[in-house]
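Enquirer:
2 protein chains.
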Amino acid sequence: MEVAETIQSVRRQVTTAREKGKRIGFVPTMGALHIGHISLIESAVNQTDFVVVSIFVNPTQFGPGEDFQKYPRPLDQDLEICRKTGVRLVFVPTPEQMYGSENLTWATVEKLTEPLCGQFRPGHFRGVTTVCAKLFNIVQPDVAFFGQKDAQQAIAIKRMVADLNMPLQIVVCPTVREPDGLAVSSRNKYLTKQQRKDATLIYKSLQKCREMIEAGVTNTKEIIGQMRKILNQIPSAKLEYVSIVDSETLESTDKVCGKILAAVAVKIGSTRLIDNILLDTGKQ
Amino acid sequence: MEVAETIQSVRRQVTTAREKGKRIGFVPTMGALHIGHISLIESAVNQTDFVVVSIFVNPTQFGPGEDFQKYPRPLDQDLEICRKTGVRLVFVPTPEQMYGSENLTWATVEKLTEPLCGQFRPGHFRGVTTVCAKLFNIVQPDVAFFGQKDAQQAIAIKRMVADLNMPLQIVVCPTVREPDGLAVSSRNKYLTKQQRKDATLIYKSLQKCREMIEAGVTNTKEIIGQMRKILNQIPSAKLEYVSIVDSETLESTDKVCGKILAAVAVKIGSTRLIDNILLDTGKQ
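Protein chains in written order, with the numbering used here: chain L, 950 to 1233; chain U, 950 to 1233.
Here you go:
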């Protein structure tokens, strides 16, 4: 496995791999790799011939007061995980390498980035889509892999790739969960023991949503009410949103129909957690 | 020479050329090809092995009330010019092919797109950079060629390519002029005989700027005053801007120094014309 710190080095190594006829897979990450990332890497290893992972805590997707400084950066451990999972090249750029002295160009996706997390993290998705545009242009992968846990991110990136005709395919992999249902996240390690326990109620609220829809409930308000009831049992929780939206347009509806995304964002103490499930209601 | 109407067809043909080891040159145009475009194509033919020209009157770079509908579209003549100049592939997409039912994604360059034309054509550069991002992703050229006449466009595109790490080189070719100095433009054909004659004062004003700087004048206001005097001789002219700015940052300065861009935009009747010159003052 090679570790590249510069754009030139990544390009050289990917070009060599491509010239050998290898299909390039790419998993962009902010490091602090966990079993969620490992499942993305495993998909990439299965579906492509030469897997590149980037580890970059991207400053432009953090807002003021968010956890950019505090975000975990266990690089040696991350590299060990990459080595063991069959990654061929890890790109570990500095912020200077990625953004130079001043970045003036942004790739932005309208509409899809406005509801849900977009309401609470202004500028976040602009930072995400821009850094992905940059990384896609640097690595030039055939396929890039993202997790369903960051549902809105995956939707925005798929849309950017389609709208800007970027020559790659986006694969979205299922959310990986702890045995008790909590979605795996690098931010889970911020939680105290009690908060960690309370956090299981997030997935419980999503399961409640699934059960109600399967039982024939179609009134969105009613379902969200029940979900909120569960989430409000977390003592230190501040709910950001509990939403049921169309899974493609992310528009909310009064009546559940078609393919929907049920999504939750909640702050437990100062730790912001998100989770979601996709449901096909089968209704038109 | 091949003519492609779909993205798939362009990609297939460019891939074949690249597999044969050809270096891909690209000249994006809105058609109505003139000797300015021909000089770009000639540069591309000289510097690369397989030249692609796109002809697409891009709706997203026209504002309301601008000349999108009226813009000339002499396709047969354009194809004949491409054939004669050694172009290998012409991409002639429909708006539907380029933008689908709804475009949500924009590539935007801040700051550099705000002064000069940016003040008078809100949204114009966003349309330009976005369509270029799309075309670059479709054609995937090694080099793309732009004209110095659209100086701010060239600067914004160069910046986008650098900031987003797009894997291509941008070459900016000198402005081509009529024998009397008027910069060649597809919009010159909108001019009446008298307006066409008056339009030569645009380049005369730029030559005045050069002369004054060469004579040691450094006061920007004084130079712009003299340029305006010349342009105000055009009876039907409405001056949009007469500016002297840093050629890289496009910021205006009170005192001429370093490399500067002198740029003019003027409406003669309803026809909007722009022109500029680059000058190295040699001063720090």
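All residues carry an ideal CB built from backbone N, CA and C; glycine is no exception. This one's a predicted model, so the numbers in the text were calculated from it and none came from an experiment.
So with Cβ pairs under 8 Å, would you call Thr1057/L a contact of chain U?
Expert: Thr1057/L counts as touching chain U.
Enquirer: Indicate whether at least one CB of chain U lies closer than 8 Å to the CB of Asn1086/L.
Expert: Cβ-Cβ to chain U under 8 Å: yes for Asn1086/L.
Enquirer: Where in the segment 1127-1168 of chain U do unbroken runs of the alpha helix (DSSP H), each at least 4 residues long, occur, reported from the N-terminal end onward?
Expert: The qualifying runs are 1142-1147, 1149-1163.
Enquirer: Quick one: is Arg1108/U near chain L, going by C-beta distance under 8 Å?
Expert: Yes, its Cβ sits closer than 8 Å to a Cβ of chain L.
Enquirer: How would you list, in chain order, the residues of chain L whose beta-carbon sits under 7 Å from the beta-carbon of Asn1052/U?
Expert: Ordered by position in chain L, the residues that pass the 7 Å Cβ test against Asn1052/U are Asp1112.
Enquirer: Beta-carbon within less than 7 Å of Gly1076/U's beta-carbon, same chain only, minus the 5 sequence neighbours each way: which residues are those?
Expert: Same-chain partners within the cutoff: Asn1007, Thr1009, Gln1010.
Enquirer: Is it the case that the segment 1120-1140 of chain U contacts the segment 1098-1116 of chain L, given that we only count it when at least three CB pairs across the two stretches are under 8 Å?
Expert: Contact between the segment 1098-1116 of chain L and the segment 1120-1140 of chain U is absent, because fewer than three Cβ pairs lie under 8 Å.
Enquirer: Could you pull the DSSP bridge partners for Thr1054/L from this structure?
Expert: Paired residues: Val1058/U.
Enquirer: Should Gln978/U be labelled buried (16 or more other beta-carbon atoms within 10 Å of its own) or exposed?
Expert: Residue 978/U is actually Thr in this sequence, not Gln. Buried, by the Cβ-count rule.
Enquirer: Beta carbon of Met950/U, beta carbon of Val1088/U: below 8 Å?
Expert: Taking 8 Å as the Cβ cut-off, Met950/U and Val1088/U do not qualify as a contacting pair.
Enquirer: Leaving out five residues on either side along the sequence, give the residues of the same chain with a beta carbon under 7 Å from the beta carbon of Leu1140/U.
Expert: Within the same chain, Leu1140/U has close Cβ partners Ala1148, Ile1217, Thr1220.
Enquirer: Straight-line CA distance for Phe1040/L to Ile956/L?
Expert: Going by the C-alpha atoms only, they are around 8 Å apart.
Enquirer: Can you check the segment 991-1079 of chain U for any beta strand (DSSP E) of at least 3 residues that lies completely inside it and give the ranges in chain order?
Expert: The segment 991-1079 of chain U contains these whole beta strand (DSSP E) runs: 999-1004, 1038-1040, 1054-1058.
Enquirer: According to DSSP, is Asn1114/L part of a helix, a strand, or is it coil?
Expert: Residue state, collapsed to three classes: coil.
Enquirer: Taking Cβ positions, are Ile1238/L and Thr1169/L nearer each other than 8 Å?
Expert: Residue 1238/L lies beyond the stretch modelled for chain L, which goes from 950 to 1233, so this question has no answer here.
Enquirer: Nearest chain L C-beta to Ile956/U closer than 8 Å, yes or no?
Expert: With 8 Å as the cut-off, Ile956/U counts as an interface residue toward chain L.
Enquirer: Would you call the CB atoms of Glu1189/U and Ala1214/U closer than 8 Å?
Expert: Contact flag set, yes.
Enquirer: Contact criterion: CB-CB distance below 8 Å. Does Gln1068/L meet it with respect to chain U?
Expert: By this cut-off, Gln1068/L is not an interface position.
Enquirer: Figure out for me which residue from Glu991/L, Pro1064/L, Arg960/L has the closest Cα to the Cα of Val1121/L.
Expert: Looking at the Cα atoms, Glu991/L is the closest of the given residues.
Enquirer: State the start and end residues of the unbroken beta strand (DSSP E) segment that holds Val976/U.
Expert: Val976/U -> beta strand (DSSP E) spans 973-978.
Enquirer: Which chain L residues sit within Cβ distance under 7 Å of Lys1083/U?
Expert: Chain L residues near Lys1083/U: Leu1113, Asn1114.
Enquirer: Does DSSP classify Asn1086/U as helix, strand or coil?
Expert: Looking at Asn1086/U - three-state DSSP - the assignment turns out to be helix.
Enquirer: Got a sec? Which residues, its chain only, sit under 7 Å from Pro1044/U by beta carbon, not counting five neighbours each side?
Expert: Excluding sequence neighbours, Pro1044/U sits near Pro1008.
Enquirer: Does any CB atom of chain U fall closer than 8 Å to the CB of Leu1140/L?
Expert: Output row for Leu1140/L: interface = no.
Enquirer: Leaving out the 5 sequence neighbours to the left and right, which residues in its chain are closer than 8 Å to Leu1024/U when beta-carbon positions are compared?
Expert: So the qualifying residues of the chain are Gly980, Ile1004, Val1041.
Enquirer: With burial defined as no fewer than 16 other Cβ atoms inside 10 Å of the residue's Cβ, what is the status of Asp1224/U: buried or exposed?
Expert: It counts as buried.
Enquirer: Out of Ile987/U, Thr1057/U, Arg1070/U, Tyr1048/U, point me to the one whose CA is closest to Glu1015/U's CA.
Expert: Glu1015/U has its Cα closest to that of Arg1070/U, out of Ile987/U, Thr1057/U, Arg1070/U, Tyr1048/U.
Enquirer: Tell whether a beta-carbon distance below 8 Å holds between Phe1017/U and Pro1090/U.
Expert: Cβ distance not < 8 Å, so Phe1017/U and Pro1090/U don't count as in contact.
Enquirer: Using a Cβ-Cβ cut-off of 7 Å (strictly less than) and excluding sequence neighbours within five positions of Ser1196/U, which residues of its own chain qualify?
Expert: If we look at Ser1196/U and ignore the five residues flanking it on each side, its Cβ neighbours are Lys1208, Ile1209, Leu1210, Leu1227.
Enquirer: Given a cut-off of 8 Å on the beta-carbon distance, is the pair Leu1117/U and Phe1085/U in contact?
Expert: The answer is yes: Cβ separation under 8 Å.
Enquirer: Verify the CB distance criterion: does Gln1089/L have a CB-CB separation below 8 Å to chain U?
Expert: Yes, Gln1089/L counts as interfacial toward chain U.
Enquirer: Within the same chain, show all residues whose beta-carbon is closer than 7 Å to that of Thr997/L, passing over the 5 residues directly before and after it, in chain order.
Expert: So the qualifying residues of the chain are Arg972, Ile973, Gly974, Asp1091, Val1092.
Enquirer: Give the residues of chain U in contact with Lys1060/L, contact being defined as C-beta atoms less than 7 Å apart.
Expert: Result: Leu1053.
Enquirer: For my contact list, Thr1062/U and Leu1113/L are in at a C-beta cut-off of 8 Å; report their separation, rounded to the angstrom.
Expert: With a Cβ gap of about 18 Å, Thr1062/U and Leu1113/L do not count as contacting.
Enquirer: Quick check on DSSP: helix, strand or coil for Gly985/U?
Expert: Looking at Gly985/U - three-state DSSP - the assignment turns out to be helix.
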